[in-house]
Structures are given as structure tokens and as C-alpha cells.
Amino acid sequence: MKKRMAKVTGIALVAAMVIGLAACGSSNGGTADAGADAAASAGTEAAASGEIQLAEDGKLHMATNAAFPPYEMTTDDGGYEGIDVEIATAIADKLGLELVVDDMDFSATIAAVQSGKSDMVMAGMTVTPERQENIDFSDTYANAIQVVIVPEDSDIQTIDDLANDKMIGCQEGTTGYIYCSDTPENGGYGEDHVLSYTNGAMAVQALLGGKVDAVVIDNEPAKAFVEANEGLRILDTEFANEDYAIGIAKGNDALMEAVNGALQELIADGTVQSIVDKYIVSE
Ligand code: ARG
Numbered sequence: 004m005k006k007r008m009a010k011v012t013g014i015a016l017v018a019a020m021v022i023g024l025a026a027c028g029s030s031n032g033g034t035a036d037a038g039a040d041a042a043a044s045a046g047t048e049a050a051a052s053g054e055i056q057l058a059e060d061g062k063l064h065m066a067t068n069a070a071f072p073p074y075e076m077t078t079d080d081g082g083y084e085g086i087d088v089e090i091a092t093a094i095a096d097k098l099g100l101e102l103v104v105d106d107m108d109f110s111a112t113i114a115a116v117q118s119g120k121s122d123m124v125m126a127g128m129t130v131t132p133e134r135q136e137n138i139d140f141s142d143t144y145a146n147a148i149q150v151v152i153v154p155e156d157s158d159i160q161t162i163d164d165l166a167n168d169k170m171i172g173c174q175e176g177t178t179g180y181i182y183c184s185d186t187p188e189n190g191g192y193g194e195d196h197v198l199s200y201t202n203g204a205m206a207v208q209a210l211l212g213g214k215v216d217a218v219v220i221d222n223e224p225a226k227a228f229v230e231a232n233e234g235l236r237i238l239d240t241e242f243a244n245e246d247y248a249i250g251i252a253k254g255n256d257a258l259m260e261a262v263n264g265a266l267q268e269l270i271a272d273g274t275v276q277s278i279v280d281k282y283i284v285s286e
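Numbering (the working numbering), first residue to last: 4 to 286.
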């Protein structure tokens, strides 16, 4: 049953890819660099055979940073859970594959996919034009907002107050870091005012220890961290609106088609929503 589905997907792919690649060629033509060209021709081969390229036979390797509740976190018995982990498991199931979580620093996830060590990155990763130069993104499966966590007694009331010589903690390599460390002309606070931490939990520890005055991070992890630690609150003013998607190596279009196909089915039949509802209790 599962196997048959995978095959059908594969055949549908070949047609979809020819169209996809043609569109790609015309829009990227002038600007593609040598690396992108090589990746594109690898994609042509995959298209011809309609085969999904995987790091390991029968497995779907997901690069993530499992310190980002409720999207990905570790369990007491050394396993992984969270919205991304469960959606990825459901996608793997549909493709007849076994999900393997590759836990690493968030800033290492894109390279893991580019090098083929992992098949996809699913890490509450925001789609940005810069990242799209390095990997392709699936359809969006969640929306997020960057928010600001401060100590309850902080004099920081709005995001404008962050400009008053404050130190901001962020997770390294994230959109929160990218926005905050940008120049004031571009809406940031300048690199000198931002400290980056390996993950969100460490940034929150720095906030609790008084090493930074605020932490800028995605809204759902922010809620989870504020719930787990006393004396913190989230500012009402929001920072940025973002979309999460799954990142896949450029050229692995067969995998992209298969993942998008599975994701759309899981959205349509309510599976994605029920996974989200399990982890996020709506107010
Ligand atoms: N959405 C932010 C970004 O894409 C933060 C994601 C961090 N994810 C994680 N699993 N630590 O930059």
C-alpha cells in the first residue's frame, strides 16, 4: 500500500519536474552561480529517473535543533518529540520511510542538507530569500512571529526601548539574530547590541542571569520558555511575521515533490492541525 503510493508519486513527479525545471531555468538563468548550476544538473538526472535521493536507504533524515519547544525537543528517554517531529514522522510514513532525527546546532542544519548528510531540515525554519539561495523550501506548514522576552520588572516596554543601549540575546543563525544585529537604518540594533547563543534555552538562561536585557525568539518557543521559567514576560509588540517550511537540497526535486505531496495530504485530512493542537493550546 505504502509502496504503491510512493511509486505513483514518483511517476507524477517526472512530469511536474520537467515543468518545474523549465520555469527555474528562465527565472534563475542570469544569476545562478556555478554551484547552483551543478545542483540544477544533478536535479535533471533525478528528474529523468524520477528517483528520490536519500542519505540512507529506507530512512528520512531530518536535520533539526531539538531545543525549540513545542516544535522539536528531546524526551526524557533520549527520543524526540514536538510538532515538527510528528509532522515529519507522518510524512515519512506516507513515503514508506523511517524518520531519523539528526539533532545539531541550528546553524549547521542547512549545510547538513546541502552536503546530503540529512535529507531535509525541519526546525521551525523561516523561509528567507537568503536561505532560498542555498536550499529549496516546501510549502509552508506554520506561521510564526518574532517576539521579545524580558524580565517582568524590566523597563523595556516596547521594541523601541530595545534601542536604548540594551543587550539582546538571540539563537545563533536565526532570523531573530539577523534582524536584531542589522544596522539601525535597517531596523536592527547593531551587532554590538546582540549576543548569540547556541540555542534558545541558553539565550533564556543568559536573560535570567542578567547577561542580556531581552531575548528575541519565535513566539511559541517564547511562550514555552516563559511558562517554564518564573519572572519573565513577552512584550505585546511583535517583531516580524514569518512562515515555516521544510528545507531540501537544491536538485533533489523528487524528494521535494514527495514531501509536498505528503504534506498537502496531511494538511487536507486534518493531521497537521491535530498535531498542532496537541502541542499548542489555543487561548
Ligand atoms: N524561525 C527562526 C529561524 O528560522 C528560528 C528557528 C530556530 N529553530 C530551532 N529548531 N532551534 O531562523
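Glycine residues also receive a C-beta, built at the ideal position from the N, C-alpha and C atoms.
Just so it is clear, the structure is predicted and the values come from calculations on it, not from any experiment.
Beta-bridge partners of residue i, as assigned by DSSP
i: P154; result: L235
i: A147; result: E245
i: I278; result: BP columns for I278 are empty, so no partner.
i: Y83; result: T77
i: V197; result: I171
i: T129; result: Y247
i: L102; result: L63
i: M123; result: M65 and I251
i: F140; result: G250
i: D221; result: Q149
i: A70; result: M76
Residue i CB to nearest heavy atom of ligand 1 below 7 Å
i: D106; result: no
i: Q174; result: yes
i: A126; result: yes
i: E75; result: yes
i: K78; result: Residue 78 is actually Thr in this sequence, not Lys. Not so, every heavy atom of ligand 1 lies at least 7 Å from the Cβ.
i: G71; result: Here residue 71 turns out to be Phe, not Gly, going by the sequence shown. F71: yes, Cβ under 7 Å from ligand 1.
i: D221; result: yes
i: E245; result: yes
i: G203; result: yes
i: N137; result: no
i: N68; result: yes
i: A91; result: no
i: A231; result: no
i: A147; result: yes
i: T177; result: yes
i: F109; result: yes
First through last residue of the alpha helix (DSSP H) which encompasses residue i
i: I94; result: I86 to K97
i: L266; result: D256 to A271
i: E133; result: P132 to Q135
i: T77; result: First-last for T77: E75 to T77, but that is the beta strand (DSSP E), not the alpha helix (DSSP H).
i: L211; result: G203 to L211
i: A114; result: T112 to Q117
i: I181; result: T178 to S184
Whole-angstrom C-beta distance between residue j and residue i, which should lie under 8 Å
i: I94; j: L258; result: About 10 Å; that fails the 8 Å criterion.
i: T143; j: A248; result: 5 Å
i: Y192; j: F242; result: Y192 to F242, Cβ: 11 Å. No contact.
i: I152; j: F228; result: 7 Å
i: E59; j: T67; result: So it is not a contact: roughly 16 Å between Cβ atoms.
i: A147; j: E245; result: 5 Å
i: E223; j: I283; result: 6 Å
i: G172; j: A225; result: Between A225 and G172 the Cβ distance is about 12 Å, and since that is not below 8 Å, they are no contact.
i: I138; j: A261; result: That belief does not hold up - the Cβ atoms of I138 and A261 are roughly 16 Å apart, past 8 Å.
i: A115; j: D105; result: 6 Å
i: F140; j: V130; result: 5 Å
For residue i, the first and last residue of its enclosing beta strand (DSSP E)
i: Y247; result: A243 to A252
i: G172; result: I171 to Q174
i: A66; result: K62 to T67
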